[in-house]
Every structure is written in structure tokens, then in C-alpha cells.
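Engineer: Please find one structure pasted underneath; my questions will follow.
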Amino acid sequence: MIASILPKVAGIEERHEKYRIRPSGVTVIHQGEVYGRCPRATVYDRLGFEPAPMPGRTVILLEDAGFHELLTADWIRQSPYRLHSEQMGIDCFEVPGITLPAWHCDVCHRQYGRLIPAEQCQLCRQPGNVLHGHIDGILQDIAAAETLYEHKAINHFSFQRIWDHQELPIAYIAQPCCYLIGLKKLLVELTEILLVIKNKMTAQYLDILIEYDVDKDIAYVKEMEHSGYGKRWIGERLPRLVGSAIEEWQKTERYYQQSKEVGKATLPLRPFEQDSWQCDYCLWGKTCWSGYEEEFKDLEENAELGEDFRGVLRDETVLAAEESFVKRKRKELRDNIRKWLKMMECKSGRAGPFTVETTLEVREKIDLEELYANVSHLFGAGGLEQFAKIWKDAHKKNFVETLRVREEKEDKAKVKR
Ligand code: SF4
Numbered sequence: 003m004i005a006s007i008l009p010k011v012a013g014i015e016e017r018h019e020k021y022r023i024r025p026s027g028v029t030v031i032h033q034g035e036v037y038g039r040c041p042r043a044t045v046y047d048r049l050g051f052e053p054a055p056m057p058g059r060t061v062i063l064l065e066d067a068g069f070h071e072l073l074t075a076d077w078i079r080q081s082p083y084r085l086h087s088e089q090m091g092i093d094c095f096e097v098p099g100i101t102l103p104a105w106h107c108d109v110c111h112r113q114y115g116r117l118i119p120a121e122q123c124q125l126c127r128q129p130g131n132v133l134h135g136h137i138d139g140i141l142q143d144i145a146a147a148e149t150l151y152e153h154k155a156i157n158h159f160s161f162q163r164i165w166d167h168q169e170l171p172i173a174y175i176a177q178p179c180c181y182l183i184g185l186k187k188l189l190v191e192l193t194e195i196l197l198v199i200k201n202k203m204t205a206q207y208l209d210i211l212i213e214y215d216v217d218k219d220i221a222y223v224k225e226m227e228h229s230g231y232g233k234r235w236i237g238e239r240l241p242r243l244v245g246s247a248i249e250e251w252q253k254t255e256r257y258y259q260q261s262k263e264v265g266k267a268t269l270p271l272r273p274f275e276q277d278s279w280q281c282d283y284c285l286w287g288k289t290c291w292s293g294y295e296e297e298f299k300d301l302e303e304n305a306e307l308g309e310d311f312r313g314v315l316r317d318e319t320v321l322a323a324e325e326s327f328v329k330r331k332r333k334e335l336r337d338n339i340r341k342w343l344k345m346m347e348c349k350s351g352r353a354g355p356f357t358v359e360t361t362l363e364v365r366e367k368i369d370l371e372e373l374y375a376n377v378s379h380l381f382g383a384g385g386l387e388q389f390a391k392i393w394k395d396a397h398k399k400n401f402v403e404t405l406r407v408r409e410e411k412e413d414k415a416k417v418k419r
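Residues in the sequence shown are numbered from 3 upward in steps of one, following the numbering used here.
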């Protein structure tokens, strides 16, 4: 009755806030990888490109994260720990070179300026070049030792990847590091952060204990604790997370200034592939990829790549040859295993410590020709063409780039000699 209406209502309610530098919107380049917000999306935002409306389901997911934070805070209050300074406003630091206008902080206004109408309130105005944010709180244990508390509620798969130590949530770590810099200026001598992460699907928690050296800008990730599986030692040093975030905000500003000078958008390269989850969720995805076919056509062909590239390409050809050999061998082996199972009339079995199992998955696909032929009589004049257009419009262009590296025969002969 209302299931289909709710995401639509959420979608209507959503409004895009103007670009500003914010701790929750950090981009960090760590070991050559981009973490947090896509730098190209940030430039689109800075330049005022209209974002696509946020799908209602995403709005609900984001809202849910806020409620998970409140629920966790309630559980903490029932524990021996004390949580205070929730949503306290922090001016972390100035980011040199930023020319954004001053803005009004609604969160501060709810706390301090309620009696003044927001449009006239000067109390809660924030300079555009100061990184301003609100902490989730400060956690105090029974011995009165304090830790900066940051809460995130995330999906099951990301949660699992973090617990399996396949990846650290770099952007989530950089955010409270920024707050610690602001707190130090207020003479609050905190050095540790507890990043508490809730699995929205299973209600499991994990926390990551981080020590941050404000002067050296090094986050030391000490250990992780899971609500069901105990502790895991991490011991990883993450240098320059805040430094990198500052550089990225400054780069965005430079792209903005350059775009103004030349009168058209100057953008950083796309750091992600079109089929990545980042591009899937991006509100500027359509704008970003719309001219990609033309861009690709204009790229140079047969470019001289230089000697440094030679070794990389050779490694790729060697690995590809090994991979194809292994793949072929594996396919032969698997075909044989299938045959043996069929001969033995079984679909699963064991041999010593090894087990084998075959499962049957039924996939359905639409036969478009049959669909058109069968539905044509349901439409009036021109209706079928209209349906075909709607169907076509619903398909988005997907760019799949294939990379092929080959070794030319002549070159091979030279290598052998
Ligand atoms: S579509 Fe992808 S590459 Fe483009 S701005 Fe968005 S996240 Fe970045």
C-alpha cells in the first residue's frame, strides 16, 4: 500500500546543499588510490553543475545512518561509558587559497541561535575557508579517560571487508583526525579516536582505535574490536591523511579558478571506471560520462610510450600467457570433475578432506522479439512505438574499455638474441 510511495516522498524532500568544504566530504589520496569523495564530482559541485536528484532509497539510507547513530548513543548511555559533547561544533582549521563565501550552519543554529531568524543570524555564520564540522561526541571511560568518538553505519559487505582487514576506511579515519586538530586549538588534549562502525544489516559493531599525531599528521591504527569476534591487532601507520585532504580541496579550488578563466569547465581525470560503485551512485554520473565516446575518439593512437613502459608491458604479456595456461588447465580439470560426477550419478561428494558440490542456478532472460510480438495487440495506434522509445530511453550507455597488450613478433626475435 505505501511501500512504493515512501522512497518517492523521500526523494521529493531531498535538497542538494551548496558546495562547501566539510570534514564528512574529504577526498584522500593514499598510496595512489582515491578514498572518500570523487575529486571530479567535487569539482562539478564547486562549479555549480546541477546534480541528478538523489534516488529516494539513497535518501532513506542516509537518514537511517543518523538514526543508527542516535540508537548507538543510547546504548552507550546504558553502559559504564559516558558520551558527552555530542554534535559540538568545531572549527578544524583554515584551508589556504579557498575563496568560498561564508555560509550559515543550521546545526549550530539549532544549538545557539534559535531565537534569531536564520536569515538574520550572524552568530552561526561560518567563513568559507574554514573547515567546520560537528563531532559525534567524546567518550569517557570509568577512569575519566577520554577518546574522540565517531560513528558510522554501513552496509554488510563494506563492514565485512573492514573486519577482514581487506581495507581500512581511510576517509572515515581522516574525518575525526580533522576534528582533533580543531579540538587541540581549543586546548582539548585528545590524541585517540574511537571509530565505531555499525553493520546496518546484522546490528554487529566493530570499533577501530586510532592514535593521531596532530603535529606530524600521522594516524596510527592500533586495533579493531568486533562485537562478536574479539580483538584484532592492526598496527598500521597512515601518514598525511589530513595533508592530502587539504591538497584536494585546494586542487578543487584551482580547477574552479581555471574554469572561470577559460570560460568552460576544467576537470580532473575520472579516477573510477564507469561500472564502479562510485560512478553508479554519483549524482553527476550522467554529466561526467555523457561525452566520453567523443573524448575516446580524440585520444592519440600509436603514441610512443617510452622505455619505462616497456618493462610494464612485458610483465603484462608474460602474466597473460601464464594466466591463459592456468585457465586452460583448470577448465580441463573442471570438465573432467563434472564428467566423473555425472558418471557416478551424484552432484556432490567427498574424497578425504576434499569436497565437491554442483548447484543448479536458474536464470531467466527476456526474449525481446517474443515480448514485442505478444504485446503489440495491447497498444493502440503509435502505442507500441512509444513503448519501444520508453524501453530504449531506460537503457543507459555503458562504456567498457578493453585493454590488450601484445608482443610484436619482430620485437620477440630481438629479445631472444
Ligand atoms: S561519475 Fe564517477 S568519475 Fe565521474 S564524477 Fe562521478 S564518481 Fe567521479
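Built from N, CA and C at the ideal position, the CB exists for glycine as well.
Please go through the same chain and pick out, in chain order, the residues whose beta-carbon is closer than 6 Å to the beta-carbon of GLU275, but skip the five residues on each side of it.
Structural biologist: Start at 1 with the first residue of the sequence shown, and residue 275 comes out as number 273. Excluding residues within five positions, none has a Cβ falling inside 6 Å.
Engineer: Check whether the Cβ atoms of GLY184 and ASP219 lie closer than 7 Å to each other.
Structural biologist: Along the sequence shown, one-based indexing puts residue 184 at 182. Along the sequence shown, one-based indexing puts residue 219 at 217. No, Cβ-Cβ distance for GLY184 and ASP219 is not below 7 Å.
Engineer: Can you give me the C-alpha to C-alpha distance between ALA415 and VAL328, rounded to a whole angstrom?
Structural biologist: To locate residue 415, count along the sequence shown from 1; it is residue 413. To locate residue 328, count along the sequence shown from 1; it is residue 326. Low confidence applies to ALA415: its pLDDT is 48, below 50, so where it sits in the model is not reliable enough to give any reading.
Engineer: Rounded to whole angstroms, what is the Cα-Cα separation between ALA120 and GLU303?
Structural biologist: Here residue 120 corresponds to residue number 118 of the sequence shown, with the count starting at 1. Here residue 303 corresponds to residue number 301 of the sequence shown, with the count starting at 1. For ALA120 and GLU303, the distance between alpha carbons rounds to 57 Å.
Engineer: Leaving out five residues before and five after TYR257 in sequence, what residues of the same chain have Cβ atoms less than 6 Å from its Cβ?
Structural biologist: The residue given as residue 257 occupies position 255 in the sequence shown. Counting only Cβ-Cβ distances below 6 Å, and skipping sequence neighbours, we find VAL45, THR268.
Engineer: Is ALA205 near the ligand SF4, judged by its Cβ being under 6 Å from some heavy atom?
Structural biologist: The residue you call residue 205 lines up with position 203 of the sequence shown. No.
Engineer: Between which residues of its own chain and GLY139 is the CB-CB distance below 6 Å, once the five residues before and five after are set aside?
Structural biologist: The sequence position of residue 139 within the sequence shown is 137, counting from 1. LEU85, SER87, GLU88, TYR151.
Engineer: Does the ligand SF4 have a heavy atom nearer than 6 Å to the CB of PHE51?
Structural biologist: Within the sequence shown, numbered from 1, the residue matching residue 51 stands at position 49. False, no ligand heavy atom lies under 6 Å from that Cβ.
Engineer: Please go through the same chain and pick out, in chain order, the residues whose beta-carbon is closer than 6 Å to the beta-carbon of TYR222, but skip the five residues on each side of it.
Structural biologist: Locating residue 222 in the sequence shown gives position 220, where the first residue counts as 1. Hits under 6 Å: GLU213, ARG239.
Engineer: Using only the alpha-carbon positions, how far apart do TRP393 and ALA54 sit?
Structural biologist: The count along the sequence shown starts at 1 and reaches residue 393 at position 391. The count along the sequence shown starts at 1 and reaches residue 54 at position 52. Approximately 20 Å between the Cα atoms of the pair.
Engineer: Would the C-beta of ARG272 count as close to the ligand SF4, meaning under 6 Å from any of its heavy atoms?
Structural biologist: Numbered from 1 along the sequence shown, position 270 holds the residue referred to as residue 272. Because some heavy atom of the ligand SF4 lies under 6 Å away, the Cβ of ARG272 counts as near it: yes.
Engineer: Below 6 Å CB to CB, which residues in the same chain sit around ALA155 once its five sequence neighbours on both sides are set aside?
Structural biologist: Counting from one through the sequence shown, the residue named residue 155 turns up at place 153. Correct list, in chain order: ALA67, HIS70, LYS200, LYS202.
Engineer: Bridge partners of PRO355, per DSSP?
Structural biologist: Working through the sequence shown from its first residue, we reach residue 355 at position 353. Bridge partners of PRO355: none, in fact.
Engineer: Looking at the strands, I want to know which residues DSSP matches up with HIS167.
Structural biologist: Counting from 1 along the sequence shown, the entry for residue 167 is found at position 165. For HIS167, which the question treats as bridged, DSSP gives no partner whatsoever.
Engineer: Under the DSSP definition of a beta bridge, which residues are partnered with GLY139?
Structural biologist: For this step, residue 139 is matched to residue 137 along the sequence shown. DSSP, once it has assigned bridges, lists TYR151 as partnering GLY139.
Engineer: Got a sec, what are the start and stop residues for the alpha helix (DSSP H) PHE95 sits in?
Structural biologist: Along the sequence shown, one-based indexing puts residue 95 at 93. From DSSP, PHE95 is part of no alpha helix (DSSP H) but of the beta strand (DSSP E) over 91-96.
Engineer: Beta-carbon within less than 7 Å of ARG242's beta-carbon, same chain only, minus the 5 sequence neighbours each way: which residues are those?
Structural biologist: Counted from its first residue, the sequence shown places residue 242 at position 240. Excluding sequence neighbours, ARG242 sits near ASP219.
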